[in-house]
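4 protein chains.
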Amino acid sequence: MSNPRFASDNAAGVHPAVLEALDAANRGPALAYGHDAVTERAASSVRRAFGGKADVLFVWGGTAANVLGLRTVVDSHHVIYCGEQSHLWSDECAAPENYLGCKLQPVPTTHAKLTPDLVRAAIQSGPGVHHAQPRALSIAQATEAGTVYSIAELGELAQLCRERGLLFHVDGARLANAAAALQTDLREVTADVGVDLVSFGGTKNGLMGAEAVVYLTPGIVGAAEFHRKQGMQLASKMRFVAAQFEALFTNDLWRENAVRANAAARRLEAGAAKVPQVEIVHPVDANAVFARIPRQTLKRLGERFIFHVWSDHPQRPTVRWMTAFDTTDAEVDEFLAALGEATG
Amino acid sequence: MSNPRFASDNAAGVHPAVLEALDAANRGPALAYGHDAVTERAASSVRRAFGGKADVLFVWGGTAANVLGLRTVVDSHHVIYCGEQSHLWSDECAAPENYLGCKLQPVPTTHAKLTPDLVRAAIQSGPGVHHAQPRALSIAQATEAGTVYSIAELGELAQLCRERGLLFHVDGARLANAAAALQTDLREVTADVGVDLVSFGGTKNGLMGAEAVVYLTPGIVGAAEFHRKQGMQLASKMRFVAAQFEALFTNDLWRENAVRANAAARRLEAGAAKVPQVEIVHPVDANAVFARIPRQTLKRLGERFIFHVWSDHPQRPTVRWMTAFDTTDAEVDEFLAALGEATG
Amino acid sequence: MSNPRFASDNAAGVHPAVLEALDAANRGPALAYGHDAVTERAASSVRRAFGGKADVLFVWGGTAANVLGLRTVVDSHHVIYCGEQSHLWSDECAAPENYLGCKLQPVPTTHAKLTPDLVRAAIQSGPGVHHAQPRALSIAQATEAGTVYSIAELGELAQLCRERGLLFHVDGARLANAAAALQTDLREVTADVGVDLVSFGGTKNGLMGAEAVVYLTPGIVGAAEFHRKQGMQLASKMRFVAAQFEALFTNDLWRENAVRANAAARRLEAGAAKVPQVEIVHPVDANAVFARIPRQTLKRLGERFIFHVWSDHPQRPTVRWMTAFDTTDAEVDEFLAALGEATG
Amino acid sequence: MSNPRFASDNAAGVHPAVLEALDAANRGPALAYGHDAVTERAASSVRRAFGGKADVLFVWGGTAANVLGLRTVVDSHHVIYCGEQSHLWSDECAAPENYLGCKLQPVPTTHAKLTPDLVRAAIQSGPGVHHAQPRALSIAQATEAGTVYSIAELGELAQLCRERGLLFHVDGARLANAAAALQTDLREVTADVGVDLVSFGGTKNGLMGAEAVVYLTPGIVGAAEFHRKQGMQLASKMRFVAAQFEALFTNDLWRENAVRANAAARRLEAGAAKVPQVEIVHPVDANAVFARIPRQTLKRLGERFIFHVWSDHPQRPTVRWMTAFDTTDAEVDEFLAALGEATG
């Protein structure tokens, strides 16, 4: 049977400390829907990590964290600019258009990173009623290509947002990996550079199924609590969602997990780069390795490991290999050995 | 601090067997989004329980189980008939209207139970384009008043649905309690009487956060997998949702839990009925006790226990007390003692 | 062939002055989408009639005037209270739920008129996130039963709205008939009593197809111009919608038309009341007559005239007869003669 | 005051025959909502023009004709492919995303014309639930650049649609201009080449405000009548919308008008091409002329005529000049003289 290890960071399991936290939260009855002590503590932890002033709402999934997050800041006659390769544009089965009822505008990128110039070129709507109006910029940090925006790059995008009156949203499904890569904390890479709201992911970083919408700019939370309920993302036994985040912020588990996932990716990259005919196509900043490989390699390696073909090509398809918090060196080495055999 | 024990069956914790199942599912990597062995086994268990032929989709929450479930069978120009006191009408923050874009028609009931006559009286839409068209009947089993439809009553509603071309939907957030009360299994109370689809709840019956949409009538599942993703309810680490259901169907845990919750409610009812001036207002078929109590009782009891005031009244408000799978006799007795003191 | 004269005020034709205005507007090219002199003049006329400060947007149809009008003041987690017999609840094919994504709450009424007590009784939502939140009250003036709210009654409803923080919306498809009946002008019956916004109808009062959303309370117009475009109601050759309103406000044609329609209804009522076994069921304040008639009368009269059966009954169905600006005395008398024959 | 003559074909007035038809339709009462003889005749005329078997629904506006037309064939988890410069993508204020709740995918084009290769390259969605699924191709004929697809080009796109299971939709706001340009009739350019549905425009071709959705493929009309009502596009006095189409199909007025508009554009193109530094940028197949002109020309010409700057450029902006059914040779010549003066 094929090994799903490198198929996705969602293929990873749950960190033991998270299971322990779930067990610890299971002590007798507690009020539902977040009116409990665990949720209060977890929200405080997240808030503190982002600078102390944010509004924090927990949801189950990443699509919801993105879409519901944008709900309070975007009206239906607005445009959200996002990368052409972004999860928001490509991988949400049109959930943003469906739930927000507004326009997404895909912007072509290099290495999945938006720049002020790219966004400026995309903003072509005139001010008239015929055109949905520019309202938000959404970037993924780390990106879907495994690259990471530098603090300086974020600052330039924030500056553009201020100039154009755009809300600055970060799809932070892998924000921990980005912060680890930049050796910053979560606040420096978001609130401090002028990000307005973050969809902060936990699931890809060792949680079971828990994400947080973090509203950094005061007031923008609006009626988000109602939208979360209406958006079908209000957990009744909320303490078991929140407890996961509490674990993630105990002893900086978020960073520990991200550092390990990133390190595994770098190990994988280093090894893969030595294999003839394997070409790394994006900088490996976080926990994803994209490689162009011979078709024959794809065929053989695919018999032992499951991974995604990102863009197909008769001779040299591009594939994606993901690492996670629980990827071991031995697993990477096993994979590299298989890669060598498949190519050799 | 007030005791939330009887505030809701959502105030309960998670059954230990469920936590064990989560732990057991946490063995190395597995494909995300339900392409894993745990999900396959769990879906089989649920399917088998409902007669063997159903399509089964897991989601996180009960609102989603209701709303997404109805998504594939309802178009936006349709009407869904439901009880005026139903969760669907009253407690979903307009999620059905919002996500389905159609009309809900609330129908007044006695003890929260719909009858063919009540539904017939509500179907007043003519056939023309000005009126949203009758399409589905949604009942809760057990109801929000803690009552349970008999098999015969279900059969009559099913017959009405066939006559009028309505899909028959069951909000089964507490279906286990209903089946336990009727001493039937899940199939007899749904598929066998002609129900088309069920939103089958696990969370209120000892799970952490897991519900299943069960499409009993062949073909009606339609594009539900896409709608689940678009509706922000596709869990990436699905095995941890599914594992909860696997636990629920191991050794009929679903029935054991429901029997205990129901028994606790009956104990509570029996004791409360003996307290002077406490009047039970709905038959206690499942795990809820609704009582009309003196205001003074409410004031005093409310200092020690948290529970919902269902309909307020200067002298004799009506309150709701819920039991769950983990409510002990001792807890019930403690509550009854407090009730006696508060009233006496 | 059956005569549609009394089927609806929509069965009426177009007032000659309106056709003349369309012809007059057809003088060479003019900018599209309302950037033309006719639209400017017409908007001024409407604004002036409502007190001089309103924002005015023209749309084609009455459903749109209601639904788009409410769009800028209602969010998806809100409730709009409306009469159970209201057009908004019963005759829009769920357009409000669909476009606004919020909850409509139908309130039972007498003679289709809401009262503060009825609305208060309907507002049962608690403040929590589970319940859509009270936001707007929508009444029809004149009502769908042909009754008219007095100035005092409107004031009481406005007072309730202020107390409860509700926006006060008037479905004014027949506002002209109401103002004529009350012998007031349009401002006295709306802005002066505290109405926030009006969907002001022209089509039922002699126009071809033109309605106006009139935002009386400063600021509530919000992004309505964008919503009108997105809501598919921005006419490209807007001047031909606007010109109809210009005609309507020239020499108070709106009042003249409404007075004639109302008078025809009173003539019809007076005659019908004399026919044995014909029972008028609602006060005939405006241009509708509702009558309970013998089934045999329905059968015979229905062979010569088309009209709606409002509520069926084996022996004594209730029917609706509408008059319009162009209903002549001779037509009424012909109808009454037929009614007499059908009954006698 | 600036002359709006060439700003848009929506700046044109209404053809006198249309006003006459409106007057003729205004003969006493008639049933509302399309249950009248004029509507029946007009629908027959449109049906006949498209081959005799289509379902035909009249609406007021072009946005509605596009969006409501697609409503019955597109589910919310689908993708509609359209040109990056298409009205559907750029000029509907996100109405398609809003009302359909699905994804639009913009495809870059040359001269606003899609080709099978361009569409194939855009279809990158995999079959999984993460991606909205390919469902429809929407082209404009004539295009927004004033170009026209040949019958052969349409056939190739239809072939692609069959291969990929896509519905083939034509935004025919200017279909008459295209048919006139190709010297075909409406059927040859749609039904005969395999188009599934057409949003057929009348307003830009001399009507006051009337469009038709023409469902060519049997069965796809589905519940469109309900969606039209719910979509706020069901005219109560429908006969006055329909009468416009009856006029358009009397003596082939549609063709006469289109031929005149196209001829005016060709006259304009021929004259403009002779002006130094004026460069025509798209083939002038229909009734639009796009030209790159010196900035100084734009400035001076803009003082006398209103027209749209399509893409701005410091030295050589691109502008659009539209002609209509009522554009006279004298008007074109006056414009050309002004162009010469502004440039010279």
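Chains as they are written, first to last, in numbering that gives the first Met the number 0: chain B, 0 to 343; chain Y, 0 to 343; chain E, 0 to 343; chain Z, 0 to 343.
Don't be surprised by glycine CBs; every beta carbon is placed ideally from N, CA and C.
Cβ-Cβ separation between Cys92(Z) and Glu96(B): approximately 14 Å, too far for a contact (criterion under 8 Å).
Membership of Trp309(E) in the beta strand (DSSP E) is indicated by the continuous run 307-310. Phe167(B) sits close to Ala135(B), with the two beta carbons spaced by under 9 Å. Cβ proximity to chain E below 7 Å picks out nothing from the segment 171-196 of chain Z. At a cut-off of 9 Å between beta carbons, Glu224(B) contacts chain E. Taken atom to atom, the span from the alpha-carbon of Pro316(E) to that of Ser43(Z) is near 37 Å.
In chain order, Leu18 make up the part of chain B whose C-beta sits under 7 Å from the C-beta of Asp22(Y). Between Val106(Y) and chain E, the shortest Cβ-Cβ separation is not below 9 Å. Rounded to the nearest angstrom, the Cβ distance from Ala172(Z) to Arg254(Z) is 16 Å, too far for a contact under 8 Å. By the C-beta criterion, the segment 12-20 of chain Z is judged not to be in contact with the segment 158-165 of chain Z, since fewer than 3 inter-stretch pairs fall below 8 Å. Contact between Ala10(Z) and Ala31(E) holds, with the beta-carbon distance rounding to 6 Å and staying under 8 Å.
In this structure, the beta-carbon distance from Ala41(B) to Ala242(B) falls below 9 Å.
Annotation: His77(B) to Ala190(Y) spans about 45 Å, alpha carbon to alpha carbon.
Interface residue (Cβ-Cβ distance to chain E less than 9 Å): His312(B) is not classified as such.
Distance from the Cα of Ala269(Z) is smallest, within the candidate group Arg259(Z), Ala260(Z), Val283(Z), for Val283(Z).
With three or more CB-CB distances shorter than 8 Å, the segment 181-201 of chain Y counts as touching the segment 147-157 of chain Y.
Judged by DSSP in its simplified three-state form, Val240(B) adopts helix. Within the segment 232-246 of chain E, Leu233 place their CB atoms closer than 9 Å to a CB of chain B, listed in sequence order. Scanning the segment 186-238 of chain Y for uninterrupted alpha helix (DSSP H) segments of 4 residues or longer gives 223-229, listed from N- to C-terminal end.
When C-beta distances to chain Y are compared with 7 Å, the residues of the segment 200-215 of chain B below that value are Thr202, Met207, Gly208, in chain order. Gly127(Z) places its beta carbon 9 Å or farther from that of Pro105(Z).
DSSP, reduced to helix, strand and coil, places Val73(Z) outside both helices and strands of the structure shown, so it counts as coil.
Nearest in C-alpha terms to Lys112(Y), of all of Gln132(Y), His86(Y), Arg119(Y), Thr142(Y), is Thr142(Y). Distance between Trp59(B) and Arg227(Y), taken at the CA atoms: about 13 Å.
Separation of Leu99(Y) and Ala223(Z) (C-alpha to C-alpha, rounded to the nearest whole angstrom) is 17 Å. Neighbourhood of Val128(E) in chain B, by CB distance below 8 Å: Tyr32, Glu224, Phe225, Arg227, Lys228, Leu233, in chain order. As summarised for the segment 86-113 of chain E, the continuous beta strand (DSSP E) elements at least 3 residues long and confined to that stretch are 102-106, given in chain order. DSSP places Asp284(Z) outside both helix and strand once states are collapsed to three, so it counts as coil. DSSP places Ile150(Y) in the helix class (H, G or I) of the three-state scheme. In the assembly as shown, Asp311(E) is an exposed residue. Its beta-carbon has fewer than 16 other beta-carbons within 10 Å.
Shortest Cα-Cα distance from Ala144(B) to any of Ala121(B), Arg186(B), Gln84(B) involves Gln84(B).
Rounded to the nearest angstrom, the Cβ distance from Ala290(Z) to Val308(Z) is 11 Å, too far for a contact under 8 Å.
Scanning its chain for C-beta atoms nearer than 8 Å, with the 5 sequence neighbours on each side dropped, one finds around Asp74(B) the residues Cys101, Arg134, in chain order. Beta-bridge partners of Thr317(B) (DSSP): Arg291(B), Ser310(B).
One alpha carbon belongs to Leu69(Y), the other to Val274(E), and they sit about 51 Å apart. Boundaries around Leu18(Z) are those of the alpha helix (DSSP H), 15-24, since no beta strand (DSSP E) includes it.
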